[in-house]
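Data block below; observations after.
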Amino acid sequence: MNAKQDWNQFAWEVEDLPRNVELSDSEKDVEVEDVTEEPSVVVEEPAVVAEEPVVVAKRGKRKLIDPGVESRKKQLLCQRAAEHNSGVSGDLKTFIEAMVSGFECLELKVLRLKNPRVIISLMLSNKGITGNSLDVRKATFIDSTGSVLSTSLSPSIPYYCFVYDFAIFVTTGCNIRKIDQAQAKAMAQKLDAKGGEKGDVWDDGVHENVRKVYVGKGQDCIAFVKFEYVDDSEVVVGDEHGEQTQEVEEFEIDEDDYIVYVEAFREKVTQETIVALKFETYKGKTNMHIETSPGVKFVLQGGKIVGFHGRSTDVLHSLGAYVSFSSTLDSLGNWIKVGQNGEGPGLRCSHAIAQVGNKIYSFGGEFTPNVPIDKDLYVFDLETKSWSIAPVTGDIPHLSCLGVRMVSVGSTLYVFGGRDASRNYNGFYSFDTNTSEWKLLTPVEEGPAPRSFHSMAADETNVYVFGGVGATERLKTLDAYNIVDQKWVQCATPGESVSIRGGAGLQVVQGKVWVVYGFNGCEIDDVHYYDPVEDTWTQVETFGEKPSARSVFASAVVGKHIVLFGGEIAMDPQAHVGPGQLIDGTFALNTETLKWERLDKFGKEEETGLSIHVGIPILGDLDVSIGNVLNEEEKETPDVRGWSASTSGKIDGKKGLLLHGGKAVTNDRFDDLFFYEFDSA
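Using my numbering, read the sequence shown as starting at 505 and increasing by one per residue.
Dropping the structure here:
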């Protein structure tokens, strides 16, 4: 049974009605018409809520509650709805009440439906938690194991998921006031400590905010950490963890700022000690800049960091954190897994995809490291959900290649570069999807320097190629191919601030060509844009919930946002042969405000196969897990990966990030197809 069918069985719905009205004895005896027809669910835009919020449960068709119905009948319905609260799990009820008790204009009813289902209805606002206020555009329900049940809301559409015998129904609307600190702390989630296993466990607990960080450096590791917190405007000094040294670095966080990101490095051989720590705030303030990787990296992120825990002896062995909600999202969306049939690309990475209309094309890639698979062009039909091999004519690319890139302009695909196992390179090709004809536009010896693992993007008249790995070195040049003039032009040479790199993100946003992150011998996290009109480069300083430095990630442009997922945060000792340290996480950069936001807050984040579980027991012993309500294309987050193929895409009228395949933390390959769809794009 799918979500829509289950939803149509619901016999109750919540609507506005004056509250706190006592029923007389005579009113309590009023019979209410029992409508036996199939219930109808009506979704409306959230209304402006009055000072006195109103709620009613109604049964059956909407005609039961129209302007002509007497208020006493409405009040009776409300009373009957309240009676259904009995029998609901105490743990669940306590959790829900705790979540909403800090709100001014919020109502909650737990209604018994057709046994054994229960529906919980919450009216929530669009505000974000910055400090003490709750972000309910990104509401999260978490079971006792820390598994996230529901993490996103659509402003005008009910968002629901089934959890055994519970149906959680959420809709937006109404104003809020600041939630008290007890509730904010109750919603903080615990990120497992990473590092060594030696030493005593310590835990500073959950606080309102972190105000100061003290880091003591030993001879070859971090010897000492201490944190100062803030609770109700009072400073709380945490314990000293490790042995204090003479060289102590102090990092102070501004009152209107908070930590969102911690980057740490474990000692390379034993991985038992922490050798470097970097803290970064929402506004981009940091305590240090790590130029080269001093060890095995891990990161702590996912929201506003409100506490720390870990292990220590006379040195620091491991570090974990507590996170709470932080900023209000500019963008909301969900990952969906797209079902696939037919003869497709199969398991592969280091390939390229692009979309033309309702078709997605895939070219190149590898299954075995450094060994290209084939030179077929695969096409996926979004209507039939089927793959096939495109029949092709013309100048078919002569090489099977990996590290290739492809973009679409109109009905034409443009393919550049890539290499075979002997490091022979491809030239620049076009493929007309209407005639199925390949055309060699520029032989490999005549165009931009041959390369692989470069970046490509396009606007209406130009195809851009940036960076990549050449025959002898990495590159940082930007070349533009004018589709009308059919000529290559080399853009202004970037300055020293733009380093040579491969595996970067390249997107055209509102006329500017943006270069995001990449690899220049180590993973980097800088952002630049090129202005084609001025022929100039500009480096920008971003802030917010920044993703850790990474390369070979999936990326796309949606409106003014650059979206990325996953990638590699540290190169494998065997270079391309191994998987490296891979990571997940979906992030969006607003190119106007330069603010990063994590779109999948409290989602798991894994590195080299080690899961960071986010969640503390909130529902006690209540056994809760996701039921069979979401079909294959309604909600599933991609596993940790890098080296996947990606493009800006559109499915069912919604824009977003398309992702196919990639390399797993086990060094296996994926063959799945995902789409991150934006609700507002």
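Positions of the beta carbon are idealized from the N, C-alpha and C atoms, including for glycine.
The count of Cβ pairs closer than 8 Å, one atom from the segment 811-819 and one from the segment 1084-1099, stays below three, leaving the stretches out of contact. Note that the C-beta distance between E1181 and D1156 is below 9 Å. For the pair G1006 and S956, the CB atoms are nearer than the 9 Å cut-off. By the CB criterion at 9 Å, S912 and T1151 fall inside the cutoff. Around the beta carbon of R909, 16 or more other beta carbons lie within 10 angstroms, which makes this residue buried.
If you draw a straight line from the Cα of Q994 to the Cα of E747, it is about 56 Å long. With respect to the C-alpha of L1103, the residue from G1082, A1074, G1084, G1070 having the closest C-alpha is G1070. Boundaries of the beta strand (DSSP E) around F769: 763-770.
Non-local beta-carbon contacts of V973 in its own chain, meaning distances under 8 Å to residues more than five positions away in sequence, involve G907, R955, S956, F957, H958, L979, G1006 in chain order. The shortest C-alpha to C-alpha distance from Y765 to any of E744, V810, V803, V779 is the one to V803.
By the 16-neighbour rule on beta-carbons within 10 angstroms, S1001 is exposed. In this structure, F935 is the residue among V1067, N1171, F935, T981 with its C-alpha nearest to the C-alpha of I900. When the Cα atoms are used, F1023 and G1009 turn out to be separated by approximately 11 Å.
The C-alpha of W992 is placed about 7 Å away from the C-alpha of G951.
Following the DSSP letters along the chain, one finds F783 inside the beta strand (DSSP E) bounded by residues 778-785. The Cβ neighbour count for N845, taken over all protein chains shown within 10 Å, is under 16; the residue is labelled exposed.
Short of 7 Å from the beta carbon of A1053, and not among the five residues preceding or following it, lie these beta carbons of its own chain, in chain order: Y1021, E1027, I1028, D1029, I1073. The three-state reading of DSSP puts H855 in coil, since its state is none of H, G, I, E or B.
A contact is defined here as three or more CB-CB pairs under 8 Å, and the segment 742-756 meets this definition with respect to the segment 714-723. One thing to note: N713 has its Cβ within 9 Å of the Cβ of V734. In the structure shown, V1081 adopts helical secondary structure according to DSSP, grouped into three states. In the same chain as T1042, and ignoring 5 residues on each side of it, the C-beta atoms closer than 6 Å to its own belong to Y1033, in chain order.
Counting every other CB atom within 10 Å of its CB across the protein chains shown gives K772 a total below 16, marking it as exposed.
Every beta strand (DSSP E) stretch that sits fully inside the segment 923-1003 and reaches 3 residues is listed by chain position as 932-936, 941-946, 959-962, 966-973, 978-986, 991-994. Bridge partners of V729 according to DSSP: V719, H745. Ranking V1081, D1088, P1077 by CA distance to the CA of V800 puts P1077 first.
Shown here, V1044 sits in a strand according to DSSP, grouped into three states. When secondary structure is reduced to three states using DSSP, P876 falls in the strand class. According to the DSSP assignment, G703 belongs to no beta strand (DSSP E), since it is labelled neither H nor E. A residue is called buried when at least 16 other Cβ atoms come within 10 angstroms of its Cβ; V819 meets this threshold and is buried.
A distance of 9 Å or more separates the beta carbons of G806 and D696.
Looking at the backbone, the Cα of E751 and that of N1171 are separated by about 41 Å. In this structure E701 is exposed. Its beta-carbon is surrounded by fewer than 16 other beta-carbon atoms within 10 angstroms. If you ignore the 5 residues before and after K863, its C-beta comes within less than 8 Å of the C-beta of V883, F884, D885, L886, T937, all in its own chain and listed in chain order. Excluding its 5 nearest sequence neighbours in each direction, I1004 has C-beta neighbours in its own chain below 8 Å: G971, E977, R978, L979, K980, N1024, listed in chain order.
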